[in-house]
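Numbering (full-length UniProt numbering), first residue to last: 1 to 613.
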C-alpha cells in the first residue's frame, strides 16, 4: 500500500473524462464534431471543466442521510441494482482510454462505448444528436447537473479499471523481503497467503454492503458513509478520525523512507534529520496543489516507477553482495555469512517482537480496503467489482511472494526495509532511490491532500462553520493546514526514525482496522438490522414509512435478529475480536521494538547520524 493509494479522485477525474470525451470521439462525420476544433482542445476543455465539477462535487455537495431509514436505503439500492442489469444502462467506459482513442482515430474502429450511447442514462448523446446547440453545451453541461445526475455521470469505470486501481492502491512489496527474513520461507509465504485470503474476504463483505446500501439517490462515496448508515454518524466520526490518522502516518512513513533514500544518495553526508525535513518542505510545496485532478498523470507514472524498482532490485541483489552497512544500521545485524531459514525460531522476547512486527508489515502491504468503497462508487456496474478485486488480489499475492522470496534468498538476514536500499552497488542503489523518491512524493501529496480535505470537511466545517475550500478564505486556510499537516508528519518521522517499526505501528493501529477489523463488524450490524425487519410490517416506499413492531430498546428485536443467521453472526464477531487481538499484539510488538532499538542505540530521535549510510 506504499504507493498510489487514494488515487480515487484521479479515478473520478478519469471516469468523467471518459464519459464526456468518448461520446465525442465516436462521431464519424465532420458535422458531428463541429462544436470542437480538435481532439486536443476538446480534451483540454473536458479536463478543465470537469476538474471544477470534481472539486465542487467532492467539497460542496456532501449530504448527510442520517435521517433516512435503513429500509429506504435498501429499497432504493434494490431498484438501483435492477436498473444496472438492464441493457439500457449501457456499457462501462474503456479500461485504457488512450488505447480506445487509438482504435477509434487511427484504426477507424467503432468505440466500444458507442453501442450503449443511444441508451445512455446521462442523456449526453441525446444532446449531441440534437444539433449544434447540444454540441456547444456538451462539455460544460456537467457543471449545471443536479447531484443525482452528477453521481450518475461519474459512474463509468469497468471491472478492468478497478483491477488497475486496486493493484495501484495496494501493491507495495518493498517490505516483503524483510517480513520473510523475520519469519522464514514457510511461515512468511503462509502468512502472506492467509492475510491475502482474509483481505479478499473482507473486500467481499464491503462489496455486499455497497450493493445493499448504495443508490444514485443515496450514493455511497467513502468507507465512512457505509459505517454511518449502519451504526450512525458518531461512529462514522470515529472512523473518519482514524482515517485522518492513517493518512498522516502514511505521509510520515514516506517522509522517513525518502530521508533514508536521500541519505544513501548523499553517502551519509549531511544531517539525517535535515534530510527528512527537506522532504517535509517539498511536501508543503507540492501540497499547495488543491485539486487532485492535477495529480492524474503523475500518479499513473508512479506505478511504472515502482515496477521498475521491483525488477531492478531483484536483478541487483542476485548479482551483488548485501548492503552490510544499511543492514547493521537499521536492524543491528552483525556482519557474517548470509543465512536463510525455512522457519525462523520465535524463541525469545526480541525474536517474537520482530516476528509480530513482520506480520504487521504484511498487514500494511495488504492495506487498501479504506478506498474500496470509492472504487465501487465509480463503477458502471458495481456487481462486477468482485472480478477486478479477485484478479488484483491474486496478482498482488504473486508479486509479494516472488519478490520476498527472491530477495531473501540472496540477502538472508541482511535484508533492508525498504528492500531497494539493501542494494550494495552505489549506481543502482542511487537510481532506485531517486525513482522511489519521486514516486513517493507523488503518493505523499495524494495522501496529504485527501487527509486534509477529510479533516476539513468532517470537523472544521461542521464544528466551526468554516468556508468552502474553494472560497478565497478557504485558499488561505488550505495553505496553513498543508504546512501544519506536513510539519506534524515530519515530527512523527523524525521522532520514530525506524522504518520497519513505524510501518508496523501504522499497520496495527490504522490499516488493520480498515482491512480486517471493521468489515466483519459492519457486516454483523447490517445483517442484524436486515434480519430484524423480517418481523416488521411491509415498508411503504410512497410515504417512506417503516412499519416496525418493536425497537432496538426491546430485547425481542435483538433475539429475533441474531437467531436468523446465528452462525454467520458468531463467525463475524469472532473475526472482529481476532482482528482486534492481532492489532493489540502488533501495537505491543512495535512499541517494544521501538524501546529496544532506542535502548541499543540503533535508533535515535532527531538524529544527525544516518542509519543506512
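Glycine included, each C-beta is placed from N, C-alpha and C at the ideal position.
Selection from 375, 355, 396, 274 that minimises the alpha carbon distance to residue 193: Counting from one through the chain shown, the residue named residue 193 turns up at place 193. For the residues 375, 355, 396, 274, the minimum Cα distance to residue 193 belongs to 396.
For residue 595, count neighbouring Cβ atoms within 10 angstroms of its own Cβ and tell me buried if that reaches 16, exposed if not. As a first step, residue 595 must be located in the chain shown, where it is residue number 595. With fewer than 16 other beta carbons inside 10 angstroms of its own, residue 595 counts as exposed.
Of all Cβ atoms in chain D, is any one closer than 7 Å to the Cβ of residue 263? Among the chains in the structure shown there is no chain D, since it carries only a single protein chain.
Quick one: using the 10 Å Cβ neighbour count with 16 as the cut-off for buried, is residue 281 buried or exposed? Taking the chain shown and counting its residues from 1, one reaches residue 281 at position 281. Around the beta carbon of residue 281, fewer than 16 other beta carbons lie within 10 angstroms, which makes this residue exposed.
On the CB-based measure, 16 or more other CB atoms within 10 Å of its CB, does residue 184 come out buried or exposed? Within the chain shown, the letter at position 184 stands for residue 184. Buried, because 16 or more other Cβ atoms sit within 10 Å of the Cβ of residue 184.
Residue 380 versus 230, 464, 215, 254, residue with shortest Cα-Cα distance: For the purposes of this step, residue 380 is taken as the residue at position 380 of the chain shown. Checked all of 230, 464, 215, 254; the closest Cα to residue 380 is 215.
Could you tell me the distance, in whole angstroms, from the CA atom of residue 202 to the CA atom of residue 385? Indexing the chain shown from 1 puts residue 202 at position 202. Indexing the chain shown from 1 puts residue 385 at position 385. Each residue's alpha carbon lies about 13 Å from the other.
Check whether the stretch 246-254 touches the stretch 499-506, taking contact to mean three or more Cβ pairs, one atom from each stretch, closer than 8 Å. Segments in contact, yes.
By Cβ distance below 8 Å, which residues in the same chain neighbour residue 547 in space, the five residues on each side in sequence not counted? Residue numbering aside, residue 547 sits at position 547 when the chain shown is read from its first letter. Once the five neighbours on either side are set aside, the close Cβ partners of residue 547 are 536, 537, 538, 539, 540.
Measure the C-alpha to C-alpha separation of residue 682 and residue 349 and round it to an integer number of angstroms. Outside the shown range of the chain, which is 1 to 613, sits residue 682, and nothing can be said about it.
Could you check where the alpha helix (DSSP H) with residue 207 kicks off and where it finishes? To locate residue 207, count along the chain shown from 1; it is residue 207. 185-213 is the extent of the alpha helix (DSSP H) around residue 207.
Sequence ranges, alpha helix (DSSP H) only - wholly within the stretch 248-316, length at least 4: Scanning the stretch 248-316 from its first residue to its last, the whole alpha helix (DSSP H) runs of 4-plus residues come out as 272-286.
Within 7 Å, strictly: CB atoms of residue 273 and residue 597: Position 273 of the chain shown, counting from 1, holds the residue named residue 273. Position 597 of the chain shown, counting from 1, holds the residue named residue 597. A distance of 7 Å or more separates the beta carbons of residue 273 and residue 597.
Excluding the 5 residues flanking residue 524 on each side, which residues of the same chain have their C-beta closer than 8 Å to its C-beta? Residue 524 sits at position 524 when you count from the first residue of the chain shown. Excluding residues within five positions, the ones whose Cβ falls inside 8 Å are 569, 572, 573, 576.
Please state whether DSSP places residue 527 in a helix, a strand or coil. For the purposes of this step, residue 527 is taken as the residue at position 527 of the chain shown. Under the three-state reduction of DSSP output, residue 527 falls in the helix class.
Per DSSP, which one or two residues make a beta bridge with residue 322? By 1-based counting over the chain shown, the position of residue 322 is 322. 423, per the DSSP bridge assignment.
Consult DSSP for residue 444 and reduce its assignment to one of helix, strand or coil. Along the chain shown, one-based indexing puts residue 444 at 444. Residue state, collapsed to three classes: helix.
Once the 5 residues before and after residue 600 are set aside, which same chain residues still bring their CB inside 7 Å of it? Numbered from its first residue, the chain shown carries residue 600 at position 600. Here residue 600 has 332 as same chain residues with Cβ atoms under 7 Å from its own Cβ, once five neighbours each way along the sequence are excluded.
How should residue 290 be labelled, buried or exposed, when 16 other C-beta atoms within 10 angstroms of its C-beta is the threshold for buried? The residue given as residue 290 occupies position 290 in the chain shown. Looking at its Cβ environment, which holds 16 or more other Cβ atoms inside 10 Å, residue 290 is buried.
Under a Cβ-count criterion, where at least 16 other Cβ atoms within 10 Å of its own Cβ denotes burial, should residue 552 be classed as buried or exposed? On the chain shown, position 552 is the one that residue 552 refers to. Looking at its Cβ environment, which holds fewer than 16 other Cβ atoms inside 10 Å, residue 552 is exposed.
For residue 316, count neighbouring C-beta atoms within 10 Å of its own C-beta (all shown protein chains included) and say buried if the count is 16 or more, exposed if not. In the chain shown, the residue the question calls residue 316 occupies position 316. So residue 316 ends up on the buried side.
To the nearest angstrom, how far is it from the Cα of residue 534 to the Cα of residue 353? The sequence position of residue 534 within the chain shown is 534, counting from 1. The sequence position of residue 353 within the chain shown is 353, counting from 1. Their Cα atoms are separated by approximately 48 Å.
CB of residue 258 within 7 Å of CB of residue 279, strictly: If you number the chain shown from 1, residue 258 lands on position 258. If you number the chain shown from 1, residue 279 lands on position 279. Taking 7 Å as the Cβ cut-off, residue 258 and residue 279 qualify as a contacting pair.
Contact belief for residue 420 with residue 492 at Cβ below 8 Å, rounded distance in angstroms: Mapped onto the chain shown, residue 420 falls at position 420. Mapped onto the chain shown, residue 492 falls at position 492. Not confirmed; about 23 Å, so no contact.
Distance between beta carbons of residue 388 and residue 623, contact taken as under 8 Å: This structure cannot speak to residue 623, because the chain is shown only from 1 to 613.
For the candidate residues 415, 336, 512, 558, whose alpha-carbon lies nearest to that of residue 364? Mapped onto the chain shown, residue 364 falls at position 364. In this structure, 512 is the residue among 415, 336, 512, 558 with its C-alpha nearest to the C-alpha of residue 364.
Does the stretch 395-410 come within contact of the stretch 229-249, defined as at least 3 CB pairs closer than 8 Å? Cβ pair count under 8 Å is below three, so no.
My output table needs one value for residue 225: the three-state DSSP class, helix, strand or coil. Counting from 1 along the chain shown, the entry for residue 225 is found at position 225. Helix at residue 225.
Looking only at C-alpha atoms, which of 253, 78, 244, 320 sits nearest to residue 219? Residue 219 sits at position 219 when you count from the first residue of the chain shown. Nearest of 253, 78, 244, 320 to residue 219, Cα basis: 78.
With residue 522 and residue 209 assumed to form a contact (beta carbons below 8 Å), what rounded beta-carbon distance in angstroms separates them? For this step, residue 522 is matched to residue 522 along the chain shown. For this step, residue 209 is matched to residue 209 along the chain shown. In this structure residue 522 is in contact with residue 209, their Cβ atoms being roughly 6 Å apart against a cut-off of 8 Å.
Own chain, CB closer than 6 Å to residue 605, minus 5 neighbours either side, in chain order: Position 605 of the chain shown, counting from 1, holds the residue named residue 605. Once the five neighbours on either side are set aside, the close Cβ partners of residue 605 are 495.
Pick out whichever of 580, 470, 340 has its Cα sitting closest to the Cα of residue 509. Position 509 of the chain shown, counted from the first residue, corresponds to residue 509. A check of alpha carbon separations from residue 509 across 580, 470, 340 identifies 580 as the nearest.
To the nearest angstrom, how far is the alpha carbon of residue 520 from that of residue 478? Your numbering for residue 520 matches position 520 in the chain shown. Your numbering for residue 478 matches position 478 in the chain shown. So the two alpha carbons sit approximately 36 Å from each other.
DSSP on residue 509, reduced to helix/strand/coil? As a first step, residue 509 is located in the chain shown; it is residue number 509 there, counting from the start. Three-state result, residue 509: helix.
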